[in-house]
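Below is one structure, written out as structure tokens, with a few remarks after it.
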Amino acid sequence: MPQHYPFSAVVGSDDMALALTLSTISPAIGGVLVRGEKGTAKSTMVRALASVLPQIDVIAGDRFSTDPRETNPLSPDGPFAADVDVETRPVRLVELPVGATEDRVLGSLHLEKALSDGVTEYEPGLLARAHRGILYVDEVNLLHDHLVDLLLDAAAMGRSTVERDGVSVEHAARFVLVGTMNPEEGELRPQLLDRFGLTVEVAAPRDPGARVEVVRRRLAYEADPDGFAARYAEDEATLTDRIQAAQKLVDQVDLSDWALLKIAEVCAAFEVDGMRADIVTARAAAAHAAWNGRTSVLREDIRAAARLALPHRRRRNPFDAPGIDEDLLDQILNDDEPPPEPEGDGTDEAETQESQGSEPEAGGEPEDSTSSSGEDPKPDNTAQHEQPQQPGSSEVTVAVPQQPYRPKLFTVGGTGAGESGKRSRAITETGRRIGAQRRTGQGGSIHLIETIRAAAPHQYARGRVHNLQFRADDLRLAVKEGHESNLILFCVDASGSMAARKRMEQVKTAILSLLMDAYQRRDKVGLITFRQDHAELALPPTGSIDIAATRLAELPAGGRTPLAEALLKTTDVLRLERVRDPRRRPLLVVITDGRATYGENALARAHQVAKHLGATGVASLVIDCETGKFRMGLAHQLADHLMAEYIPLGEVSAAALTDAVKGAA
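This is the structure in structure tokens:
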């Protein structure tokens, strides 16, 4: 059997190697989340990790990898005799596929024995198999949220409890949870990010020499896997011995009052939520000390632990990039007293501006128009910029979105069958039970009443004496109704008629709010923009909401309005996505004032294309950006042709709807 790629042969992933190593030294840290672009050896390094871990002793024949040294093992296969046979085996690397069902993860009733013998027997799942090993989830950001919750709960508690289908089982489930993900495909929710002990960012090396070495080693491995592994066998053995020594030493590491205070100062300075960051940092610092053969925690241990435990806990919303200010970290660690409040020359640029009554430049225009030099401010020319540009104008502006708000909920009508989410009604794996169906696959929740009802008419023919006689085709599974995620495709007018600064700010803020809502409801998003003489797919459909927000912030406005071209581009994108992801229903959000100024008979042609698109039955929403006393109502006409829901820009906010209801009352 070919060897795995050696752990010590991976180039350019020092932080990742350290995070994985610390988690194997102290599994209580809570696992590792690895974020990085495609092709950065994330999966290669994780799969290589198991080969350098020390082998473990297990009770022979036990399905739950019980440690023979445990006095009260939590194993359904127990109790065990004092002289039970013991075997030694390598640590398992258990891979959990993205499409796994809850039954496969937790385990479930052994169906064949239940139906044929009437015996209630538990069939272990992946959590049981991963006990005392590594549970690896590639593309963890694409895993169903409820499955991620199950994994993180089990990793935190060290056991798994199953209460379903007549089964009541509890077993040990202590494992190192490792997840890898590409941020371009979507982020994890902040609540789930916080549950991972450590997080690292990996990227391909930019140094040509390092890149050459990566290629050279990979080609050598593919040409002779066993020979390549033999070249690194001594390094792997040394690494195994060092990990084993650290595992024995970690319980002896002393976390002094000074170390705990420094950890608390660091976590408080970086304003992380809750106490999990302090606990994880303390455990990681102790593991780092043991890894370096020490029994006391030093500054360097705390620094290494904080760099891995804090960056992902500083995110307040999905548009915040993870990161940590290492200069501030060093300042705190190198100061025996808590760092003083910044004052005088110690204030940074943002704080200086705040003390002068203004916001930093990145946050928008200062509210106080008085200049720091004391001179009178320049006249406010905002009013002249509120007028839309004239058709054909070459002037281009870039507006900055404001703070997002909670928008109204927009859904796709009917009942879908897409991926679990929180937007539109759908038949899903979770939710309330509304019926039953024949078993067609391996997963699903048993509908006991309907299974008995299906078997009851055949009992005489099957020669029933006492117990019910079941066959495989009697089995019925529950049909559940919940909510699905959708594809939210934004089609945004960025022409001159939209280029008034205030109007484009409102448009971008509304889209940012809808993006935040899409993130919370686990939707995919896409972004089409149109201006001048063409429409552009600025962001192909993706789960990465933060990339969409970045593209939105950079969106310029100005020029003519090619509305027909935008709707044609939208038709093409929806057609392609219907092939790529047929289960995910789209919701088209067109944000425009309805004008069309590019090409001959521009408006008539745009309405003709809209009618064709509306006839396809795609769920649509037109957000009208037209303002002023005299309105042309073109966006309303567009909504009629698209057979779409029409809503003015000012009514996108859920608060606006609440205020309107209060006003009517």
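Numbering-wise (the numbering used here), the sequence shown opens with residue 766 and increments by one.
Heads up, the beta-carbon is just placed ideally off N, CA and C, and yes, glycines get one too.
Given a cut-off of 9 Å on the beta-carbon distance, is the pair residue i and residue j in contact?
| i | j | result |
| --- | --- | --- |
| alanine 1375 | glycine 1178 | no |
| glycine 864 | tyrosine 901 | no |
| valine 776 | valine 1037 | no |
| glutamine 1167 | threonine 1336 | no |
| glycine 843 | aspartate 827 | yes |
| arginine 1296 | arginine 1325 | yes |
| leucine 1378 | valine 1338 | no |
| valine 1387 | alanine 1404 | yes |
| arginine 1079 | serine 791 | no |
| alanine 784 | valine 905 | no |
| glycine 796 | glycine 962 | yes |
| valine 1515 | threonine 789 | Residue 1515 lies beyond the stretch modelled for the chain, which goes from 766 to 1430, so this question has no answer here. |
Which class does residue i belong to by DSSP, given the choice of helix, strand or coil?
| i | result |
| --- | --- |
| tyrosine 997 | coil |
| glycine 1157 | In this prediction, glycine 1157 scores a pLDDT of 48, lower than 50, which makes its location untrustworthy; the coordinate-derived value is nonetheless stated afterwards. Note: glycine 1157 maps to coil in three-state DSSP. |
| glycine 1109 | In this prediction, glycine 1109 scores a pLDDT of 41, lower than 50, which makes its location untrustworthy; the coordinate-derived value is nonetheless stated afterwards. In this structure, glycine 1109 counts as helix in the three-state DSSP scheme. |
| arginine 1059 | coil |
| aspartate 1288 | coil |
| glycine 1301 | Per the sequence shown, residue 1301 should be read as glutamate rather than glycine. Correct three-state label for glutamate 1301: strand. |
| glycine 1178 | coil |
| glutamine 1224 | coil |
| threonine 1336 | helix |
| methionine 946 | strand |
| tyrosine 986 | helix |
| serine 840 | coil |
| histidine 1053 | helix |
| valine 1163 | coil |
| phenylalanine 772 | helix |
| valine 799 | strand |
| serine 936 | A quick correction: the sequence has histidine, not serine, at residue 936. It is a strand residue. |
| glutamine 1168 | coil |
| alanine 1148 | Bear in mind that a pLDDT of 38 at alanine 1148, under 50, signals an unreliable position, so the number given afterwards is only what the model happens to contain. Of the three classes helix, strand and coil, the one that applies to alanine 1148 here is helix, per DSSP. |
| serine 1189 | strand |
Using a Cβ-Cβ cutoff of less than 6 Å, which residues in the same chain neighbour residue i once the five nearest sequence positions on both sides are dropped?
| i | result |
| --- | --- |
| histidine 769 | Arg812, Ala813, Ser816 |
| leucine 1254 | Gly1291, Pro1351, Leu1353 |
| phenylalanine 1024 | Rather than phenylalanine, the amino acid found at residue 1024 in this sequence is alanine. Excluding positions up to five away in sequence, the list reads Val1062. |
| leucine 907 | Val863 |
| asparagine 1146 | With a pLDDT of 40 at asparagine 1146, under the threshold of 50, the modelled position of this residue cannot be trusted; read the value that follows with caution. Nothing meets the Cβ criterion. |
| proline 1306 | Leu1252, Lys1289, Gly1291, Glu1342 |
| arginine 1204 | Leu1240, Leu1242 |
Excluding sequence positions up to five away, which residues of its chain have a Cβ less than 7 Å from the Cβ of residue i?
| i | result |
| --- | --- |
| alanine 919 | Leu892, Ser925, Ala938 |
| serine 778 | Ala806, Met810, Val967 |
| alanine 1201 | His1212, Glu1215, Arg1241, Leu1242, Ala1243, Val1244 |
| leucine 1399 | Asp1358, Gly1359, Arg1360 |
From what residue to what residue does the beta strand (DSSP E) around residue i run?
| i | result |
| --- | --- |
| threonine 1216 | No beta strand (DSSP E) contains threonine 1216, which is instead part of the alpha helix (DSSP H) from 1213–1220. |
| proline 1413 | 1410–1413 |
| proline 1351 | 1351–1357 |
| isoleucine 1089 | Isoleucine 1089 -> no beta strand (DSSP E), and no H or E assigned at all. |
| valine 859 | 858–860 |
| alanine 1259 | Counting along the chain, alanine 1259 falls outside any beta strand (DSSP E), and DSSP gives it neither H nor E. |
| isoleucine 899 | 899–903 |
| valine 965 | 963–967 |
Residue i lies in the alpha helix (DSSP H); which residues open and close that run?
| i | result |
| --- | --- |
| arginine 739 | Nothing about residue 739 can be read from this structure; the chain reaches only from 766 to 1430. |
| serine 788 | 779–790 |
| serine 816 | 807–817 |
| cysteine 1032 | 1022–1034 |
| aspartate 868 | 867–871 |
| glutamine 1402 | 1399–1407 |
| glutamine 1373 | 1367–1380 |
| valine 721 | Examination of residue 721 is not possible in this model, given that the chain is present from 766 through 1430 alone. |
| aspartate 822 | Segment 821–824 is the beta strand (DSSP E) holding aspartate 822; no alpha helix (DSSP H) there. |
| leucine 953 | No alpha helix (DSSP H) contains leucine 953, which DSSP labels as neither H nor E. |
| aspartate 1389 | Counting along the chain, aspartate 1389 falls outside any alpha helix (DSSP H), though it belongs to the beta strand (DSSP E) covering 1384–1389. |
| leucine 1073 | 1064–1074 |
| leucine 891 | 891–894 |
Since residue i and residue j are thought to touch, with beta carbons under 8 Å apart, how far apart are those beta carbons, to the nearest angstrom?
| i | j | result |
| --- | --- | --- |
| alanine 1314 | leucine 1353 | The Cβ separation is near 19 Å, so there is no contact. |
| aspartate 1066 | alanine 1054 | 5 Å |
| lysine 1187 | arginine 1286 | 4 Å |
| isoleucine 1310 | glutamate 935 | The Cβ separation is near 38 Å, so there is no contact. |
| arginine 960 | leucine 917 | 4 Å |
| isoleucine 1008 | proline 771 | Contact flag wrong, Cβ pair sits at about 15 Å. |
| leucine 871 | leucine 915 | 7 Å |
Taking 8 Å as the cut-off, is the beta-carbon of residue i closer than that to any non-hydrogen atom of the ligand PLP?
| i | result |
| --- | --- |
| aspartate 1337 | This structure does not include the ligand PLP; it has no bound ligands of any sort. |
I'd like the list of long-range same chain contacts for residue i, defined as Cβ closer than 8 Å, with 5 residues on each side in sequence excluded.
| i | result |
| --- | --- |
| glutamate 1319 | Val1163 |
| leucine 1333 | Ala1300, Val1374 |
| serine 1250 | Gly1183, Glu1184, Ser1185, Gly1186, Lys1187, Arg1188, Arg1286, Arg1287, Asp1288, Lys1289, Arg1349 |
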